[in-house]
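Asks: Residue numbers (this note's numbering), protein chains in the order written: chain A, 4 to 483; chain B, 4 to 483.
No residue lacks a Cβ here, since even glycine has one placed at the ideal position from N, Cα and C.
Since we're looking at a predicted model, the values are computed, not measured.
Please see the structure below; I have some questions.
2 protein chains.
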Amino acid sequence: MARDERGVTAQSEDFSSWYNELVAKAQLAERGPVKGTMVIRPYGYRIWELLQAELDQRIKDTGHENAYFPLLIPESYLKREAEHVEGFSPELAVVTHAGGKELEEPLIVRPTSETVIGEMMAKWISSHRDLPLLLNQWANVVRWELRPRLFLRTTEFLWQEGHTAHLDEADAMRETLQMLDVYAEVARDIAGLPVVPGEKTPGERFAGAVRTFSIEGMMRDGKALQAGTSHYLGTNFASAFGIQYLNQGGRQELCHTTSWGMSTRMIGGVIMTHGDDKGLILPPKIAPYQVVIVPIGRGDAADAVRGAVDGLAGQLKAAGIRAHVDDRLHVSPGFKFNEWEMRGVPLRLEIGPRDLASGTGLLARRLGDGGKTAIGLDGAPQTLAAELAAFQSLLFQRAADFRESRTADVNSWPEFAAAVETGWARALHCGQPACEDAIKAETAATPRCVPFDAPAESGPCVRCDMPSAYGKRVLFGRAY
Amino acid sequence: MARDERGVTAQSEDFSSWYNELVAKAQLAERGPVKGTMVIRPYGYRIWELLQAELDQRIKDTGHENAYFPLLIPESYLKREAEHVEGFSPELAVVTHAGGKELEEPLIVRPTSETVIGEMMAKWISSHRDLPLLLNQWANVVRWELRPRLFLRTTEFLWQEGHTAHLDEADAMRETLQMLDVYAEVARDIAGLPVVPGEKTPGERFAGAVRTFSIEGMMRDGKALQAGTSHYLGTNFASAFGIQYLNQGGRQELCHTTSWGMSTRMIGGVIMTHGDDKGLILPPKIAPYQVVIVPIGRGDAADAVRGAVDGLAGQLKAAGIRAHVDDRLHVSPGFKFNEWEMRGVPLRLEIGPRDLASGTGLLARRLGDGGKTAIGLDGAPQTLAAELAAFQSLLFQRAADFRESRTADVNSWPEFAAAVETGWARALHCGQPACEDAIKAETAATPRCVPFDAPAESGPCVRCDMPSAYGKRVLFGRAY
Numbered sequence: 004m005a006r007d008e009r010g011v012t013a014q015s016e017d018f019s020s021w022y023n024e025l026v027a028k029a030q031l032a033e034r035g036p037v038k039g040t041m042v043i044r045p046y047g048y049r050i051w052e053l054l055q056a057e058l059d060q061r062i063k064d065t066g067h068e069n070a071y072f073p074l075l076i077p078e079s080y081l082k083r084e085a086e087h088v089e090g091f092s093p094e095l096a097v098v099t100h101a102g103g104k105e106l107e108e109p110l111i112v113r114p115t116s117e118t119v120i121g122e123m124m125a126k127w128i129s130s131h132r133d134l135p136l137l138l139n140q141w142a143n144v145v146r147w148e149l150r151p152r153l154f155l156r157t158t159e160f161l162w163q164e165g166h167t168a169h170l171d172e173a174d175a176m177r178e179t180l181q182m183l184d185v186y187a188e189v190a191r192d193i194a195g196l197p198v199v200p201g202e203k204t205p206g207e208r209f210a211g212a213v214r215t216f217s218i219e220g221m222m223r224d225g226k227a228l229q230a231g232t233s234h235y236l237g238t239n240f241a242s243a244f245g246i247q248y249l250n251q252g253g254r255q256e257l258c259h260t261t262s263w264g265m266s267t268r269m270i271g272g273v274i275m276t277h278g279d280d281k282g283l284i285l286p287p288k289i290a291p292y293q294v295v296i297v298p299i300g301r302g303d304a305a306d307a308v309r310g311a312v313d314g315l316a317g318q319l320k321a322a323g324i325r326a327h328v329d330d331r332l333h334v335s336p337g338f339k340f341n342e343w344e345m346r347g348v349p350l351r352l353e354i355g356p357r358d359l360a361s362g363t364g365l366l367a368r369r370l371g372d373g374g375k376t377a378i379g380l381d382g383a384p385q386t387l388a389a390e391l392a393a394f395q396s397l398l399f400q401r402a403a404d405f406r407e408s409r410t411a412d413v414n415s416w417p418e419f420a421a422a423v424e425t426g427w428a429r430a431l432h433c434g435q436p437a438c439e440d441a442i443k444a445e446t447a448a449t450p451r452c453v454p455f456d457a458p459a460e461s462g463p464c465v466r467c468d469m470p471s472a473y474g475k476r477v478l479f480g481r482a483y
Numbered sequence: 004m005a006r007d008e009r010g011v012t013a014q015s016e017d018f019s020s021w022y023n024e025l026v027a028k029a030q031l032a033e034r035g036p037v038k039g040t041m042v043i044r045p046y047g048y049r050i051w052e053l054l055q056a057e058l059d060q061r062i063k064d065t066g067h068e069n070a071y072f073p074l075l076i077p078e079s080y081l082k083r084e085a086e087h088v089e090g091f092s093p094e095l096a097v098v099t100h101a102g103g104k105e106l107e108e109p110l111i112v113r114p115t116s117e118t119v120i121g122e123m124m125a126k127w128i129s130s131h132r133d134l135p136l137l138l139n140q141w142a143n144v145v146r147w148e149l150r151p152r153l154f155l156r157t158t159e160f161l162w163q164e165g166h167t168a169h170l171d172e173a174d175a176m177r178e179t180l181q182m183l184d185v186y187a188e189v190a191r192d193i194a195g196l197p198v199v200p201g202e203k204t205p206g207e208r209f210a211g212a213v214r215t216f217s218i219e220g221m222m223r224d225g226k227a228l229q230a231g232t233s234h235y236l237g238t239n240f241a242s243a244f245g246i247q248y249l250n251q252g253g254r255q256e257l258c259h260t261t262s263w264g265m266s267t268r269m270i271g272g273v274i275m276t277h278g279d280d281k282g283l284i285l286p287p288k289i290a291p292y293q294v295v296i297v298p299i300g301r302g303d304a305a306d307a308v309r310g311a312v313d314g315l316a317g318q319l320k321a322a323g324i325r326a327h328v329d330d331r332l333h334v335s336p337g338f339k340f341n342e343w344e345m346r347g348v349p350l351r352l353e354i355g356p357r358d359l360a361s362g363t364g365l366l367a368r369r370l371g372d373g374g375k376t377a378i379g380l381d382g383a384p385q386t387l388a389a390e391l392a393a394f395q396s397l398l399f400q401r402a403a404d405f406r407e408s409r410t411a412d413v414n415s416w417p418e419f420a421a422a423v424e425t426g427w428a429r430a431l432h433c434g435q436p437a438c439e440d441a442i443k444a445e446t447a448a449t450p451r452c453v454p455f456d457a458p459a460e461s462g463p464c465v466r467c468d469m470p471s472a473y474g475k476r477v478l479f480g481r482a483y
C-alpha cells in the first residue's frame, strides 16, 4: 500500500464515502464475491470476538444456555405464522436442489430461527416444570439485501438470537426487557454507545411480534442505528408450533415466547459513533490492539530498543493489556503512526534509544489534541491500564454529548423537519400509520422508539394535530 | 420422563442402538426437521464450546487469526479446481432463488471454503512480505448426507477450517504437520482420545489436496473415526485462484496453501471412545458439569443441607470447577444418580444431614467399581481438582489400553480379516487402488492412515503379495 493511498475521505466531507473507504482501509471487512455478502477480515473479526465474549458471558449469567439449530428450514415452517412469512418473504434465499436432485420441498436458508426453534421447543416442553426454557444461539443468517452496506446491511450476517419460552405474559415480558437491558449495558459499557432504549411503534415491529423493543444509537452524521432488538412474541409462535405445557392444575396452556438479537451490525455502529476524519477510534474494551508500541531507531540502537520493547509488550500482555509491537522494517515510524491512527488504536507508545536511556516512552492518545506525554516504563502496565479506562469513559462521554447536542424536543412541524436534518427529534405523535408514512415520505425520518425514560406528556401530534398516543414523546430520526 | 424410559440399550448388545439412544437421552442432540440435519442441545453444545475454547487458543497461539467468509459461494468457483468439484458435487446444496427471483448463477452453500478463501487470498497477497497468511474460521458447512448419523455424518455440521498460504512447499508442509499436531494434542489431552496421526493413502485424500494427514481414533466397537484432517494443497488452489506473490528477486510465484479442519464429529468420537453400558463418560476437561452435587434429605434437614451444598458449589466454582447442584424436588436421589451416570458426569458428591454433621460428602466416580468414598468438605476444592485430573488421565489410559488390545500386526490375509472384525490391523500394503478396493469389498476395512510412528519395514502386500509401498505398515480398520 503506497503512502498516499492511506488517507480516507474526511468524515465531515462525505460521511458515506468515509465509511466505505475506512471499512476497507482499516482492514475490517470487504465485499464477498456474491452481491451483498461480506468477508470479515481478522481485524474486524477480532472486534466481533471481543464483543461476543462480553455478550455471551452476560447471556449465560442471566441463565441462558447456548444451543445450535439447523441452517436450513422447510419452507412450510415459515408459512405457519402469517405475519412472519409476510415480513420475511422478499428476503429469503431458497435451496431447491441438494445431493444432485431437486428437493420435494424447498428449504429456506434461515433469516431468523423462531420457526425451527419453535418446532423443537414444542417437543421439549411438556410441563410447567420445563419452564422457563432459556436458549441462545450464535449463528449466521441470510436476508437478501438490495442495497447492501458492509456491517450495516449484508445478505449474510453473524448474530446471536435468544429464544425463550415462559409460563405467562408477565414472565415473558420480564425476560424481553431484561435482555434489552443486557444489550444496553453491552452497548454502553463495552462499545461506548450511549444508546436509547425504548419500545418500537406498531409499524416498526418485528414480523410476528406483539411488542418490539430496541436500543438506538446516534451516528456522527446524526442518523440512528438500531443496535439490538428484543421481542415479546405473545402466543403467536406458540400457537403456530404447538409450544404448550401442562399447568399445575393439569390444564394445557400455550407458552409465551420471546426472541432477541444483536449482530455484526454493532461493528458498523462502533465505526460510525466514534470515528473521525483521521479514521476509526476503537473503544479499548473491544480494540484488537489497545496499545501499539512503535520502536524507533536504526542500526546498533535498534537491537537494544527491540529487546526492551519486546520485554515491555510481554509485561503488558501479562497485565491483560492487548499490546502489539509494530516491528516492520520496510515502513517508517511516521507511516506506522498514521496507519494505527486510521485503524483506531487507542494508545500508541513510541520508544527510541533516548527514551530507553531515560526509562520512558512517548505516549500518544487517539482522542484529544494529539500531544504526546512521556511516561515511565517501569510503571507502564499500571499507567496504561489507567489510560485505557479513562479513554473508554471519555469516548462514551464524547458520544453522549454529541447525541445530546443533536437531539431536540420539537413542538412544531418546521422544528421537526429542521431537527431531523442533523439529528433526532423528540416529538408528540398521534401513532397513526398514515401519519408515520407521511412524515417518512417528507423527511425520511421514522419513529426510532418510544424511549423508556421520557416523561409523561400529551398534546397535539407534531405533524397532524390529532391527540398524541403513547403518553410521552416519540424519538424520530433518519436511520440506517 | 418416566423412570423406566431412562435406560439405554447396552453398548455390548447393540452398539449402534446404544449410540443413537444415548445421544437422545443424554440430551446431546436430536434430528432436525430437514433430513440429515442436527439440533445440538445445550448439554451437547457446551461440550463443543469447551472443546472450541481449547482448540481456538492453540490456533491463536500458533499465530493464526480468525476471520469470516461468506456461506454462499458462486457455483463457478467450485468448478475452478477439477478434483475439488468432482469430490464435492454429489454433496452440494444449491440456492437457485433469492430475494423473490431466480438467480443468474446458482449459489452453493459452502461444503468447505478453499474456493472463496482462495479468491480473497489472491486479493490480499502481493508480496513475499504478506506471507505466511494464517487464517482460520469457525463456521457451519453443508454436505448432503444420504446416511446421516448425529455428530458423525450430518448434512450441516460445525467446524473450524484453517486456510494458510506460504512461500514454498517446505513452509506449507511445516504448517500442515504443525496443525495435525495441534489436533492430536487436543484429542489426547482434552478429549482423552489416544489418536494415531499419520498420512492418508492417495485414495483417501481430500478432493484437491496433494497430501492429506489425519488423526484416527478407535471407538469401543473397534471401528475407526477420523477426528481431524490437515491438507497440503500444493499450488492447486493457488493456480486456480491466482494466489501469487512477488518474490525477493521480483518474480511472481504461486503460493503453497494448506487447509485443516476439526468438527462437531469429535463429540461423536468422545461418546464412542469413552461410553459404556451405563451411558456417557465425559473427560473432565470438556464435561459441562464436572461434579454434580446431590443434596439428600427431606423436611427440616433439607434446608440446612441445601444451604451447605450451595456454599460448597460456590467454592468449587470459585476454584474453577464446573459444579452443578441437582436440587430438583420431584425426582428421587436414586433417579438423579442414574441420570447423571447416563449423562457421563465424572464425579458425583452426595451430601445428607449425617454427612454434614461429620463435615464430609460421599464421592462417587463414573469410572471404576462404583464404590463411594467419604471426602472432607473443608478441602473439597483441592480433593476434587485432584480427582478430576486423575480421572482425565485414567480415561485416556483406558482408551489407549483398549486400542492396543484391539490392534494387531498381521502378516497374512486370514489374520488381517480376523483383526478388522474387532479392531485394527497393521499390515504391509502394495498401495494399489485396486487392491485397496478389493480389501474394502471383502472386509469393509479401509486404510486409515500410514502412521508416523511405524518403524521402517517392507515385504509382500498382505492381500496380493506385490511389494509393499510407503516403507512401513499401514493401519487398516472399518471406519465411521
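Taking Cβ positions only, does M41 of chain B come closer than 9 Å to chain A?
Replies: Residue numbering aside, residue 41 of chain B sits at position 38 when the second sequence is read from its first letter. So, interface residue.
Asks: Secondary structure at F244 of chain B, three-state DSSP: helix, strand or coil?
Replies: The residue given as residue 244 of chain B occupies position 241 in the second sequence. Helix, per DSSP.
Asks: Taking only beta carbons into account, state which residues of the region 41 to 56 of chain B come closer than 9 Å to chain C, listed in chain order.
Replies: Of the protein chains in the structure, A and B, none is chain C.
Asks: Can you confirm whether T99 of chain A, when its beta carbon is compared against all beta carbons of chain B, has any partner nearer than 9 Å?
Replies: To locate residue 99 of chain A, count along the first sequence from 1; it is residue 96. It does; some Cβ of chain B falls within 9 Å.
Asks: Show which residues of chain A have a CB atom less than 8 Å away from the CB atom of H333 of chain B.
Replies: What you label residue 333 of chain B is simply residue 330 of the second sequence in a count that begins at 1. Residues of chain A passing the Cβ test: R132.
Asks: State the DSSP-derived secondary structure class of V273 of chain B, mapped to helix, strand or coil.
Replies: Looking up residue 273 of chain B in the second sequence gives position 270. The answer is helix: DSSP assigns V273 of chain B an H, G or I state.
Asks: Name the DSSP beta bridge partners of M486 of chain A, please?
Replies: Residue coverage of chain A in this structure runs from 4 to 483, which leaves residue 486 of chain A outside it and unanswerable.
Asks: Quick check: what's the CA-CA separation for L285 of chain A versus F399 of chain A?
Replies: Walking along the first sequence from the start, residue 285 of chain A turns up at place 282. Walking along the first sequence from the start, residue 399 of chain A turns up at place 396. Whole-angstrom Cα-Cα distance: 11 Å.
Asks: So what's W147 of chain A in DSSP terms, helix, strand or just coil?
Replies: By 1-based counting over the first sequence, the position of residue 147 of chain A is 144. Looking at W147 of chain A - three-state DSSP - the assignment turns out to be coil, as it is neither helix nor strand.
Asks: DSSP puts D279 of chain B in a beta bridge; with which residues?
Replies: Along the second sequence, read from residue 1 onward, the residue named residue 279 of chain B stands at position 276. Bridge partners of D279 of chain B according to DSSP: B:G282.
Asks: When you compare the region 285 to 297 of chain A with the region 334 to 349 of chain A, are there three or more beta-carbon pairs, one atom per stretch, that lie closer than 8 Å?
Replies: yes
Asks: If you draw a straight line from the alpha carbon of L137 of chain A to that of E89 of chain A, how long is it in whole angstroms?
Replies: Here residue 137 of chain A is taken as the residue at index 134 of the first sequence, counted from 1. Here residue 89 of chain A is taken as the residue at index 86 of the first sequence, counted from 1. About 27 Å.
Asks: Beta-carbon of M123 of chain B versus every beta-carbon of chain A: anything under 9 Å?
Replies: Translated into the one-based positions of the second sequence, residue 123 of chain B becomes position 120. At least one chain A Cβ lies under 9 Å of M123 of chain B.
Asks: Given this structure, state the Cα-to-Cα distance separating D7 of chain A from G201 of chain B, to the nearest angstrom.
Replies: Translated into the one-based positions of the first sequence, residue 7 of chain A becomes position 4. Translated into the one-based positions of the second sequence, residue 201 of chain B becomes position 198. Note that D7 of chain A has pLDDT 41, beneath the 50 cutoff, so the model's placement of it is unreliable and no number is given.
Asks: Going by DSSP, name the residue or residues bridged to H166 of chain A.
Replies: Locating residue 166 of chain A in the first sequence gives position 163, where the first residue counts as 1. A:L138, A:S262.
Asks: Pairing CB atoms from the region 44 to 56 of chain B with CB atoms from the region 165 to 173 of chain B, are three or more of them under 8 Å?
Replies: Here the region 44 to 56 of chain B makes no contact with the region 165 to 173 of chain B; the two share fewer than three CB pairs at distances below 8 Å.
Asks: Where are the alpha helix (DSSP H) runs, 4 residues long or more, that stay fully inside the region 428 to 458 of chain B, in chain order?
Replies: Qualifying alpha helix (DSSP H) stretches, in chain order: 436 to 446.
Asks: Closer than 7 Å between beta carbons: that is the criterion. Which residues of the region 60 to 76 of chain A meet it against chain B?
Replies: E68, N69, A70, Y71, F72, P73, L74, L75
Asks: By Cβ distance below 6 Å, which residues in the same chain neighbour V508 of chain B in space, the five residues on each side in sequence not counted?
Replies: This structure does not reach residue 508 of chain B, given that chain B is present from 4 up to 483, and the question cannot be answered.
Asks: What are the start and end residues of the alpha helix (DSSP H) that includes Q395 of chain A?
Replies: Locating residue 395 of chain A in the first sequence gives position 392, where the first residue counts as 1. Where Q395 of chain A is concerned, the enclosing alpha helix (DSSP H) stretches over 383 to 408.
Asks: What did DSSP end up calling P349 of chain B once you bin it into helix, strand or coil?
Replies: Residue numbering aside, residue 349 of chain B sits at position 346 when the second sequence is read from its first letter. In this structure, P349 of chain B counts as coil in the three-state DSSP scheme.
Asks: Hey, does K320 of chain A have any beta-carbon neighbour from chain B nearer than 9 Å?
Replies: Position 317 of the first sequence holds residue 320 of chain A. Output row for K320 of chain A: interface = no.
Asks: Go ahead and label T376 of chain B buried or exposed: buried means 16 or more other beta carbons lie within 10 angstroms of its beta carbon, across all protein chains shown.
Replies: Translated into the one-based positions of the second sequence, residue 376 of chain B becomes position 373. The residue is exposed, with fewer than 16 neighbouring Cβ atoms inside 10 Å.
Asks: Expressed to the nearest angstrom, what Euclidean distance is found between the alpha-carbon atoms of A5 of chain A and L134 of chain B?
Replies: Along the first sequence, one-based indexing puts residue 5 of chain A at 2. Along the second sequence, one-based indexing puts residue 134 of chain B at 131. Confidence at A5 of chain A is low in this model, with a pLDDT of 37, below 50, so its placement is unreliable and no value can be given for it.
Asks: Comparing the C-beta of Y80 of chain A with each C-beta of chain B, is any distance below 9 Å?
Replies: Residue 80 of chain A sits at position 77 when you count from the first residue of the first sequence. Cβ-Cβ to chain B under 9 Å: yes for Y80 of chain A.
Asks: If you drop the 5 nearest sequence neighbours on each side, which residues of the same chain put their C-beta closer than 6 Å to that of L153 of chain A?
Replies: Taking the first sequence and counting its residues from 1, the one referred to as residue 153 of chain A is at position 150. Here the set comprises V26, A32, M41.
Asks: Taking Cβ positions only, does T158 of chain B come closer than 9 Å to chain A?
Replies: Indexing the second sequence from 1 puts residue 158 of chain B at position 155. At least one chain A Cβ lies under 9 Å of T158 of chain B.
Asks: List the endpoints of the continuous alpha helix (DSSP H) containing V312 of chain B.
Replies: In the second sequence, the residue the question calls residue 312 of chain B occupies position 309. Element bounds for V312 of chain B: 303 to 321.
Asks: Mind checking which residues open and close the beta strand (DSSP E) that includes E202 of chain A?
Replies: Along the first sequence, read from residue 1 onward, the residue named residue 202 of chain A stands at position 199. Per DSSP, E202 of chain A belongs to the beta strand (DSSP E) from 199 to 202.
Asks: What would DSSP say about K226 of chain B, mapped onto helix, strand or coil?
Replies: Counting from 1 along the second sequence, the entry for residue 226 of chain B is found at position 223. K226 of chain B: coil per DSSP, three-state reduction.
Asks: Contact check, R346 of chain B vs G282 of chain B under 8 Å by CB: the rounded distance?
Replies: Your numbering for residue 346 of chain B matches position 343 in the second sequence. Your numbering for residue 282 of chain B matches position 279 in the second sequence. Indeed they touch by this definition, with Cβ atoms about 7 Å apart.
Asks: Quick check on the burial criterion: 16 or more other C-beta atoms within 10 angstroms. Buried or exposed for D358 of chain A?
Replies: As a first step, residue 358 of chain A is located in the first sequence; it is residue number 355 there, counting from the start. It counts as buried.
Asks: Verify the CB distance criterion: does N143 of chain B have a CB-CB separation below 9 Å to chain A?
Replies: The residue given as residue 143 of chain B occupies position 140 in the second sequence. Proximity of N143 of chain B to chain A, defined by a Cβ-Cβ separation below 9 Å, is satisfied.
Asks: Taking 9 Å as the cut-off, decide whether the C-beta atoms of R214 of chain A and R208 of chain A are in contact.
Replies: Numbered from 1 along the first sequence, position 211 holds the residue referred to as residue 214 of chain A. Numbered from 1 along the first sequence, position 205 holds the residue referred to as residue 208 of chain A. In this structure, R214 of chain A places its C-beta atom within 9 Å of the C-beta atom of R208 of chain A.
Asks: According to DSSP, is A377 of chain B helix, strand or coil?
Replies: Numbered from 1 along the second sequence, position 374 holds the residue referred to as residue 377 of chain B. In this structure, A377 of chain B counts as strand in the three-state DSSP scheme.
Asks: Is the Cβ of S92 of chain A closer than 9 Å to any Cβ of chain B?
Replies: In the first sequence, counting from the first residue as 1, residue 92 of chain A sits at position 89. So, interface residue.
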